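Chemist: Residue 14 is where the sequence shown starts when you use our numbering, and the numbers rise one by one after that. Glycine residues also receive a C-beta, built at the ideal position from the N, C-alpha and C atoms. Quantities reported herein were computed from a predicted structural model and do not represent experimental measurements.
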Amino acid sequence: MPLLWRSKSQRLSRASLSSVAASKPSKPTSTTADSSIALQTPTTQPTPDPILHPTASPPLQTAPLTTLPYELLQQITHSLDAPSSASLCLSSRRIYHALGTYALTSFLQSGTTKSERRQNIEILERAFPGSWYCAWCDKFHARECEGEGEGGPRVLGKGQAGWRPCVECNGLVGTGREREYVLAFHHVRLAVNGVVWGAEYGIALDAFAYCESSTTTILKMHMPTMLRCEAKVISGHLFLRTEYSVALPQDALWKSDLLAALWPTLPHVLVGHRHSHSGHTGLRYSLENALTRNWKYGTHTCSTCATDYTIVCQPNNTTPLPHPESSSAKSHLVLTITTWRDFGSGRSPFDAQWRAHGELGKGKPGYGGDTIRLTNFQAGRIKRMFEEEREYE
Numbered sequence: 014m015p016l017l018w019r020s021k022s023q024r025l026s027r028a029s030l031s032s033v034a035a036s037k038p039s040k041p042t043s044t045t046a047d048s049s050i051a052l053q054t055p056t057t058q059p060t061p062d063p064i065l066h067p068t069a070s071p072p073l074q075t076a077p078l079t080t081l082p083y084e085l086l087q088q089i090t091h092s093l094d095a096p097s098s099a100s101l102c103l104s105s106r107r108i109y110h111a112l113g114t115y116a117l118t119s120f121l122q123s124g125t126t127k128s129e130r131r132q133n134i135e136i137l138e139r140a141f142p143g144s145w146y147c148a149w150c151d152k153f154h155a156r157e158c159e160g161e162g163e164g165g166p167r168v169l170g171k172g173q174a175g176w177r178p179c180v181e182c183n184g185l186v187g188t189g190r191e192r193e194y195v196l197a198f199h200h201v202r203l204a205v206n207g208v209v210w211g212a213e214y215g216i217a218l219d220a221f222a223y224c225e226s227s228t229t230t231i232l233k234m235h236m237p238t239m240l241r242c243e244a245k246v247i248s249g250h251l252f253l254r255t256e257y258s259v260a261l262p263q264d265a266l267w268k269s270d271l272l273a274a275l276w277p278t279l280p281h282v283l284v285g286h287r288h289s290h291s292g293h294t295g296l297r298y299s300l301e302n303a304l305t306r307n308w309k310y311g312t313h314t315c316s317t318c319a320t321d322y323t324i325v326c327q328p329n330n331t332t333p334l335p336h337p338e339s340s341s342a343k344s345h346l347v348l349t350i351t352t353w354r355d356f357g358s359g360r361s362p363f364d365a366q367w368r369a370h371g372e373l374g375k376g377k378p379g380y381g382g383d384t385i386r387l388t389n390f391q392a393g394r395i396k397r398m399f400e401e402e403r404e405y406e
């Protein structure tokens, strides 16, 4: 009996062990392990190239100052000085509407000296790149039709759309032929602003480049001419180089009235200034000696407008070529006059460096005490600054 019970208990123990072994999970194989790891570990996709696959542009970043409440902005303004409050008003459109114009108006009216007023105007000009300040009108003009483009600067004639009386008062320097090339004060101001502050504030210097080839009649003879203009901004001043060439027949050189007939054909941008109708000091005398005696001159300086000029006479071996209708196409003498002008910084239309170059028109000759401030220039100084792009010492 005990043996029977022992054998039966052994069979039960073996059956229980087999059932436990059957219920226990088996050891996973390598394939099962890899699949479980693959399910648990996320797969990493290759990062796309932002250049080859551009995504949506990021949101525009806004200054934290523009997100402040209006009340807090007004409180900040009260704790600032007048210049800072005016600058804060012009920082953004939202802040300008939140603070109003009181701080800006009070600041502009507080300037008593010329330097303070000029500084305030420059702050406004930099805040509004599409406008420029006119000292004659004492307000800002939009620069939509201010002579920009190819062919050199121009001004609108009286009666044309957009014409303003202040343009005629700004002083004009041009060729004198149907306003083909007319440089006014606002051109100088916008050119300097474009270089000093940025291209969006003014006119590019390429707009001042000019080249004209034509024919003039002197002593009933057709003579080819060439006029070139080039501008640079150096030390915050606008410099203009003008070169004028005319091919004179040898037959005309023997005429005593050649200079008297040649002088009225010279453009104002080359020889004119506000002091008188006789042109730069010493220029007429130098032309007479160069034509009659073939004298060679170095660089001279006008004592009233501080313009450097040179005169060169040489046989016609290069340009300009004789015109087919000229009197003598076989023998010519090329007369070349080159001038260098400094139009100033363009900050004020009453600056002597600008007013000295304008047209006299029907005014009385004589430039007054402003010549004293210009006669200390050495001969050739403006020329060297233009060619070497040297700063003012």
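Using DSSP's beta-bridge definition, name the partner residues of residue 328.
Modeler: Translated into positions along the sequence shown, residue 328 becomes position 315. Residue 328 is bridged to 346.
Chemist: Do you know whose CA, among 271, 245, 274, lies nearest residue 399's CA?
Modeler: Against the sequence shown, residue 399 aligns to sequence position 386. Minimum Cα distance to residue 399 is reached at 245.
Chemist: Between the C-alpha atoms of residue 135 and residue 292, what's the straight-line distance to the nearest angstrom?
Modeler: The residue labelled residue 135 in the question sits at position 122 within the sequence shown. The residue labelled residue 292 in the question sits at position 279 within the sequence shown. Looking at the two C-alpha atoms, the distance is approximately 35 Å.
Chemist: Can you find the residues in the same chain that come closer than 6 Å, C-beta to C-beta, to residue 182, ignoring five residues on each side of it along the sequence?
Modeler: For the purposes of this step, residue 182 is taken as residue 169 along the sequence shown, with counting starting at 1. Once the five neighbours on either side are set aside, the close Cβ partners of residue 182 are 149.
Chemist: Given a threshold of 16 other Cβ atoms within 10 Å of its Cβ, counted over all protein chains shown, does residue 354 qualify as buried or as exposed?
Modeler: Residue numbering aside, residue 354 sits at position 341 when the sequence shown is read from its first letter. Result: buried.
Chemist: Among all the DSSP beta bridges, which residues are the ones paired with residue 362?
Modeler: One-based indexing of the sequence shown puts residue 362 at position 349. BP columns for residue 362 are empty, so no partner.
Chemist: Reducing DSSP to helix, strand and coil, say where residue 50 ends up.
Modeler: Stepping through the sequence shown from its first residue, residue 50 is reached at position 37. For residue 50, the predicted model reports a pLDDT of 37, less than 50, meaning its position is unreliable; a value from the coordinates is still stated below. The answer is helix: DSSP assigns residue 50 an H, G or I state.
Chemist: I need the straight-line Cα distance from residue 117 to residue 102, nearest angstrom please.
Modeler: Translated into the one-based positions of the sequence shown, residue 117 becomes position 104. Translated into the one-based positions of the sequence shown, residue 102 becomes position 89. Going from the Cα of residue 117 to the Cα of residue 102 covers about 7 Å.
Chemist: Per DSSP, what are the beta-bridge partners of residue 321 in this structure?
Modeler: If you number the sequence shown from 1, residue 321 lands on position 308. DSSP, once it has assigned bridges, lists 314, 353 as partnering residue 321.
Chemist: Label residue 258 either buried or exposed according to how many other C-beta atoms from any shown protein chain fall within 10 Å of its C-beta, with 16 as the threshold for buried.
Modeler: Translated into the one-based positions of the sequence shown, residue 258 becomes position 245. It is buried - the Cβ of residue 258 has at least 16 other Cβ atoms within 10 Å.
Chemist: For residue 284 and residue 132, what's the separation of their Cα atoms in angstroms?
Modeler: Walking along the sequence shown from the start, residue 284 turns up at place 271. Walking along the sequence shown from the start, residue 132 turns up at place 119. When rounded, the distance between both Cα atoms is 34 Å.
Chemist: Kindly indicate the opening and closing residues of the beta strand (DSSP E) around residue 147.
Modeler: Along the sequence shown, read from residue 1 onward, the residue named residue 147 stands at position 134. First-last of the beta strand (DSSP E) with residue 147: 144–147.
Chemist: If you check the beta carbons only, do residue 260 and residue 237 fall under 8 Å apart?
Modeler: Taking the first residue of the sequence shown as position 1, residue 260 is located at position 247. Taking the first residue of the sequence shown as position 1, residue 237 is located at position 224. Yes, Cβ-Cβ distance for residue 260 and residue 237 is below 8 Å.
Chemist: Taking the alpha-carbon positions, what's the residue 365 to residue 402 distance?
Modeler: Reading the sequence shown from its first residue, position 352 is the one you call residue 365. Reading the sequence shown from its first residue, position 389 is the one you call residue 402. Answer to the nearest angstrom: the Cα atoms are 22 Å apart.
Chemist: For the beta strand (DSSP E) containing residue 260, name the first residue and the last one.
Modeler: Looking up residue 260 in the sequence shown gives position 247. 250–262 is the extent of the beta strand (DSSP E) around residue 260.
Chemist: Could you give the DSSP three-state label for residue 390: helix, strand or coil?
Modeler: Residue mapping note: residue 390 aligns to position 377 of the sequence shown, counting from 1. The answer is coil: DSSP assigns residue 390 none of H, G, I, E or B.
Chemist: In the DSSP assignment, find the alpha helix (DSSP H) that holds residue 128 and state where it starts and stops.
Modeler: As a working note, residue 128 is residue 115 in the sequence shown. Element bounds for residue 128: 127–140.
Chemist: Which residue from 359, 347, 93 puts its Cα closest to that of residue 199?
Modeler: On the sequence shown, residue 199 is found 186 positions in, with the first residue counted as 1. The option with the nearest alpha carbon to residue 199 is 359.
Chemist: Taking DSSP's pairing of strands, which residues face residue 231 in a bridge?
Modeler: Position 218 of the sequence shown holds residue 231. Note: residue 231 sits in a beta bridge opposite 234.
Chemist: Could you give the distance in angstroms between the alpha-carbon of residue 109 and the alpha-carbon of residue 356?
Modeler: Position 96 of the sequence shown, counted from the first residue, corresponds to residue 109. Position 343 of the sequence shown, counted from the first residue, corresponds to residue 356. Going from the Cα of residue 109 to the Cα of residue 356 covers about 36 Å.
Chemist: Could you compute how far the alpha carbon of residue 396 sits from the alpha carbon of residue 321?
Modeler: Looking up residue 396 in the sequence shown gives position 383. Looking up residue 321 in the sequence shown gives position 308. Between residue 396 and residue 321, the C-alpha separation is close to 6 Å.
Chemist: So residue 196 is in the beta strand (DSSP E); what residue range does that whole segment cover?
Modeler: For the purposes of this step, residue 196 is identified with residue 183 of the sequence shown, where counting begins at 1. Note, residue 196: beta strand (DSSP E), 195–197.
Chemist: What is the residue span of the beta strand (DSSP E) that residue 185 lies within?
Modeler: Your numbering for residue 185 matches position 172 in the sequence shown. Looking at the DSSP string, the run of the beta strand (DSSP E) that includes residue 185 is 185–187.
Chemist: Would you call residue 83 buried or exposed, if buried means 16 or more other Cβ atoms sit within 10 Å of its Cβ?
Modeler: Translated into the one-based positions of the sequence shown, residue 83 becomes position 70. Label assigned to residue 83: exposed.
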